[in-house]
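Encoded as structure tokens, the structure appears first; notes follow it.
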Amino acid sequence: MSFVRPEIDAMAGYVPGEQPQAGKFIKLNTNENPYPPSPAVNRAIKERLDQGLERYPDPLATSFRMRAAEVLGVEPDWILCGNGSDDILTIATRAFVGPDQWLRLPTPSYVLYKTLAEIQGADSEEVAFNADWSLPEEFSAGSNQLRLAFLPNPNSPSGTIVPKAQIAAAADALPCPLLVDEAYVDFAEENCVDLVKQNDKILVSRTLSKSYGLAGLRFGYVVAQPHIIAQLMKVKDSYNCDALSIAGATAAIDDQQWLQTNRAKIIKTRKRMTDKMREIGFTVPDSQANFVWGTYPGKNLKALYEFLKQNRVLVRYMHYPNYEPGIRISVGGEDQIDACLMLIETALAQGIA
Numbered sequence: 001m002s003f004v005r006p007e008i009d010a011m012a013g014y015v016p017g018e019q020p021q022a023g024k025f026i027k028l029n030t031n032e033n034p035y036p037p038s039p040a041v042n043r044a045i046k047e048r049l050d051q052g053l054e055r056y057p058d059p060l061a062t063s064f065r066m067r068a069a070e071v072l073g074v075e076p077d078w079i080l081c082g083n084g085s086d087d088i089l090t091i092a093t094r095a096f097v098g099p100d101q102w103l104r105l106p107t108p109s110y111v112l113y114k115t116l117a118e119i120q121g122a123d124s125e126e127v128a129f130n131a132d133w134s135l136p137e138e139f140s141a142g143s144n145q146l147r148l149a150f151l152p153n154p155n156s157p158s159g160t161i162v163p164k165a166q167i168a169a170a171a172d173a174l175p176c177p178l179l180v181d182e183a184y185v186d187f188a189e190e191n192c193v194d195l196v197k198q199n200d201k202i203l204v205s206r207t208l209s210k211s212y213g214l215a216g217l218r219f220g221y222v223v224a225q226p227h228i229i230a231q232l233m234k235v236k237d238s239y240n241c242d243a244l245s246i247a248g249a250t251a252a253i254d255d256q257q258w259l260q261t262n263r264a265k266i267i268k269t270r271k272r273m274t275d276k277m278r279e280i281g282f283t284v285p286d287s288q289a290n291f292v293w294g295t296y297p298g299k300n301l302k303a304l305y306e307f308l309k310q311n312r313v314l315v316r317y318m319h320y321p322n323y324e325p326g327i328r329i330s331v332g333g334e335d336q337i338d339a340c341l342m343l344i345e346t347a348l349a350q351g352i353a
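Here's what the structure looks like:
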């Protein structure tokens, strides 16, 4: 006998990227930043640790909201913090989507969106990107049961973006909130925070996992108009950000010089990866994230993925229905990327792929 809800029993569940627990790997599979975070982060965490952990943390992460508000050009009450941006996505889904209602997402994209709908007992409607990774008009179509739309921008696995003007138009047309998931936006040319000020249906979520090098800290946030933030607060966990993560995240977002330096290094390596992969035959869209997506019709990319793994290099192999299979490679350090590209060339030369 199963005691869980039927929706949960029927779920496959979200499977995170592989995190090896033993041995040394070059990890290019989960879009982590290859460089350590700002030194200010370690100092802030140590100072907070020295103060003790016997009391609950600030439930609103006020110090982070105040500094982030200055960086983003909004007021603190436009920001809600979470245990990584996945927590923010969960909070939004809880707040907006009920049983038998609809959540819309583009595909291929972040598969967690679909899982969040299943947890709510809701339906997820997938709208396929166009062949050039542009957003089709159907994404903005109205529906009586539609309660929330997710749009990752930049998208994963493609690394591509939907222009701001199209996002603004989509939000105007949709009958529900549009959450723009900007997990990778610090590596992109534009962002949508100013659209939040223009339309209360638009929310923007961010994470410190990628561009701030804090995947192990778990801290994210959402920017939305204050009356929306007030509703989201009702469904978040009471203390969803711990004292150490608040201290570290506040120090991280305060060090904007570190961010710009790190961003420049990632973008430089990303261009080198893109150019080299195209040179050896891959089709690679222009990425605005900290990874590249490569397809190679006629080649066995699953075998290439396995060859890399056997040589202790982890990338992501993905095969979506009606799309060419591909590999997504995170932008690692220079030596890591050299090793990965050399192995790819070896595999192709030996006919392994």
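Under full-length UniProt numbering, residue 353 is the last one in the sequence shown; the count climbs by one each step, no gaps. Note that CB positions come from ideal geometry on N, CA and C, so glycine has one too.
Span of the alpha helix (DSSP H) around residue i
i    : result
G281 : It is not in any alpha helix (DSSP H) - G281 carries neither H nor E in the DSSP assignment.
L174 : Premise fails: L174 is in no alpha helix (DSSP H) and is neither H nor E.
L195 : V193 to Q198
C340 : E334 to A349
V41  : P39 to D50
A10  : P6 to A10
DSSP-derived helix/strand/coil call for residue i
i    : result
A149 : strand
Y56  : coil
L208 : coil
E190 : coil
A128 : strand
R67  : helix
W133 : coil
I352 : coil
V180 : strand
E138 : helix
V15  : coil
Y305 : helix
Y323 : coil
E118 : helix
A165 : helix
Assigned exposure category for residue i - 16 Cβ within 10 Å defines buried
i    : result
I8   : exposed
L53  : exposed
A117 : buried
L301 : buried
Y56  : exposed
F3   : exposed
M233 : exposed
R218 : buried
T107 : buried
G298 : exposed
L151 : buried
P157 : buried
T261 : exposed
N42  : exposed
M66  : exposed
D237 : exposed
A92  : buried
V180 : buried
R5   : exposed
S134 : exposed
E70  : exposed
I79  : buried
Boundaries of the beta strand (DSSP E) in which residue i is found, first to last residue
i    : result
T160 : Run containing T160: none; DSSP gives neither H nor E here.
Residue(s) in a DSSP beta bridge with residue i
i    : result
L314 : K27
I329 : V292
T107 : A128
L203 : L179
D123 : W102
Beta carbon proximity, residue i to chain D, threshold 8 Å
i    : result
K197 : Of the protein chains in this structure there is only one, and it is not chain D.
Exercise. If you scan the segment 74-99 from start to end, which runs of the beta strand (DSSP E) of 3 or more residues do you find wholly inside it?
Worked result: 79-82
Problem set entry | Ordered list of alpha helix (DSSP H) runs contained in the segment 211-264, each at least 4 residues | 226-233 and 243-254
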